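As structure tokens, the structure follows; a few thoughts come after it.
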Amino acid sequence: MYDIEKIRADFPILSREVNGKPLVYLDNGASAQKPQVVIDAVTRGYAEEYANVHRGLHYLSNLATEKYEGVRGTIARFLGVKDENEIVFTSGTTEAINLVSYAWAAPRMGPGDEIILSAAEHHANIIPWHFLRERLGVKLVWVDLDANDEIDPEAVLSAITPKTKLIAVTHMSNVLGTVVDVKTIVAGAHEQGVPVLVDGSQATVHMPVNLDELGADFYAITGHKLYGPSGSGAIHIRKDRLAEMQPFLGGGDMIRDVGREEVTYADAPMKFEAGTPGIVQQIGLGVALEYLMELGMENVAAHERRLRDYARTKLDGLNWLNIQGNSATKGAIFSFTLEGAAHPHDISTVLDKRGVAVRAGHHCAQPLMDVLGVSATCRASFGLYNTQAEVDTLVDALELCHELFA
Ligand code: PLP
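The opening residue of the sequence shown carries number 1 in the working numbering; numbering runs sequentially from there.
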């Protein structure tokens, strides 16, 4: 049974007040709160078990290395990956996609080569490809939302030309909550020999993901949305793609031998992990993923589906609220604007006075804002600890906004 009260008690911050009201945290799309087990792991990591990894032969260095390296296996299990050496640690999705851009894409792309992107991408899956457009003359090919506010896999596949070198697509929109059928995209792209990078930043938080079944070449995740520490994350890179990559960042830990005239590199994944990493952050991420696996991602997904359906019914009842994105495949993420043209920043300020934390702005998805015909929205994004009562509080606070701004 999904014991929501017990789960909420695991997250100490949820019992605090904001502006004299109980906190209703609906900004999970930006970053999620941390359960006590993660907070304890981070505290213990620094208070009792801290040393640099991979370097020392002393007790604490070995202990930290063992715990840190153990997280590779945890991430592999969480994502349904068989070989943990295909997991490269990163500080999050932004670093992960930049790694692919510099280490895999840049050396094999030139003028006129094409990268297919969806209009629903986060800037983290746009700017690294703009770099290649600016520096190498690569062309970015955009696939728009269809009439159902979804990314149609067939539209992505039909954008493939002989010049296509990569498809880079999100698994779930951080603005609309729309889930993209990346399995169909990967299967169709591979038939035509085109690799696929998937931004899993949002999807992995809200539903079970099995990369063995999905088969993407590159799949990025970020720890701070997965109830783990900020500065933690990883990318799964298939072994054949790892073998094609040149090192991106140079420094300690990623080498085998360094001389005056030559250098040889460590094997993957360490070849792509230069410098002292986020040791305690990754250890905390491992604990967060264990926590999620114990809850069961299918149970989290079922809870969030119930929340989504409840929120959709309630929000649909507010006929002055414009909800963006109607997809049936939507997760529990709602972006909206309010008739009467109150700016999303004003709405979020009023909601904040009621203790309700939402995000307002372009959500690092400006091409999507252009498609929607707005410069900004308010976004309420739900997580595994949110409740129907919190949906009611959101609705009450929105009604107050309507009264104030109508
Ligand atoms: N991609 C998506 C879909 C996101 O929602 C985010 C975070 O907002 C990112 C990428 C960036 O992730 P990170 O903060 O780990 O760099």
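Yeah, the Cβ is synthetic: ideal placement off N, Cα and C, and Gly gets one too. Note that the structure is a prediction, hence the values are computed from the model and not measured.
(message) Quick check on DSSP: helix, strand or coil for TRP320?
(response) TRP320 sits in coil when the DSSP states are folded into three classes, being neither helix nor strand.
(message) Taking its Cβ as the centre, do 16 or more other Cβ atoms sit within 10 Å of THR410, making it buried, or is it exposed?
(response) Since the first and last residues shown for the chain are 1 and 406, residue 410 lies out of range.
(request) Determine the direct distance from the alpha carbon of ASP146 to that of ALA342, and round the result to whole angstroms. (result) Between ALA342 and ASP146, the C-alpha separation is close to 28 Å.
(request) Count the other C-beta atoms from every protein chain shown that fall within 10 angstroms of the C-beta of HIS303, then say buried if there are 16 or more, exposed otherwise. (result) Buried.
(message) Between the segment 362-374 and the segment 122-129, can you find at least three pairs of beta-carbon atoms closer than 8 Å?
(response) Yes, the segment 122-129 touches the segment 362-374.
(message) Tell me the DSSP secondary structure of ILE151 in three-state form.
(response) In the three-state reduction of the DSSP assignment, ILE151 falls in the coil class.
(message) Threshold first: 4 residues or longer. Then list the alpha helix (DSSP H) segments lying entirely within the segment 169-245, N to C.
(response) Runs of the alpha helix (DSSP H) inside the segment 169-245: 182-191, 203-206, 211-214 and 239-244.
(request) Going by DSSP, name the residue or residues bridged to PHE334. (result) The partner list for PHE334 (beta bridge, DSSP) reads ALA380.
(request) Would you kindly report the start and end of the unbroken alpha helix (DSSP H) that includes ALA385? (result) It is worth fixing the name first, because residue 385 is Tyr in this sequence and not Ala. No alpha helix (DSSP H) contains TYR385, which DSSP labels as neither H nor E.
(request) Measure the CB-CB distance between ALA64 and VAL53 and report whether it falls below 7 Å. (result) VAL53 is positioned such that its CB atom lies closer than 7 Å to that of ALA64.
(request) Have a look at ILE255 and ALA105 and give me their C-alpha separation to the nearest angstrom. (result) Cα atoms of ILE255 and ALA105: separation of roughly 22 Å, rounded to the nearest angstrom.
(message) Are there any heavy atoms of the ligand PLP lying less than 6 Å away from the beta-carbon of SER118, as far as the coordinates show?
(response) Between the ligand PLP and SER118, a heavy atom-to-CB distance of less than 6 Å is absent.
(request) Measure the alpha-carbon distance for TYR227 versus ALA288 and round it to whole angstroms. (result) The C-alpha of ALA288 is placed about 6 Å away from the C-alpha of TYR227.
(request) Quick one: give me the first and last residue of the alpha helix (DSSP H) that ALA288 is part of. (result) Per DSSP, ALA288 belongs to the alpha helix (DSSP H) from 279-295.
(request) Look at LEU140 and ILE160 and say whether their C-beta atoms are less than 7 Å apart. (result) Not in contact: LEU140 and ILE160 (Cβ atoms no closer than 7 Å).
(request) Report the three-state DSSP secondary structure of PHE89 (helix, strand or coil). (result) Residue state, collapsed to three classes: strand.
(message) Restricting to Cα atoms, I'd like to know which of ARG354, LYS21 and SER31 is closest to THR93.
(response) Of the listed residues, the one whose Cα sits closest to THR93 is SER31.
(message) Does THR264 pass the burial test, meaning 16 or more other C-beta atoms within 10 Å, or should it be called exposed?
(response) THR264 should be labelled exposed.
(message) By alpha-carbon positions, which one of THR178, VAL356, ASP212 and VAL258 ends up nearest to LYS330?
(response) Distance check between LYS330 and each of THR178, VAL356, ASP212 and VAL258 places THR178 closest, using alpha-carbon atoms only.
(request) May I ask you to report which of helix, strand or coil DSSP gives TYR265? (result) Correct three-state label for TYR265: strand.
(message) I'd like to check one pair, VAL280 with GLY20: are the Cβ atoms closer than 7 Å?
(response) Not closer than 7 Å, so no.
(request) Tell me the start and end of each unbroken alpha helix (DSSP H) in the segment 25-83 that is at least 4 residues and wholly inside, in chain order. (result) DSSP assignment within the segment 25-83 yields the following whole alpha helix (DSSP H) runs of 4 residues or more, N-terminal first: 36-47 and 59-79.
(message) By the three-class DSSP mapping on this structure, what secondary structure does ILE160 have?
(response) In this structure, DSSP gives ILE160 a state outside helix and strand, which the three-state scheme calls coil.
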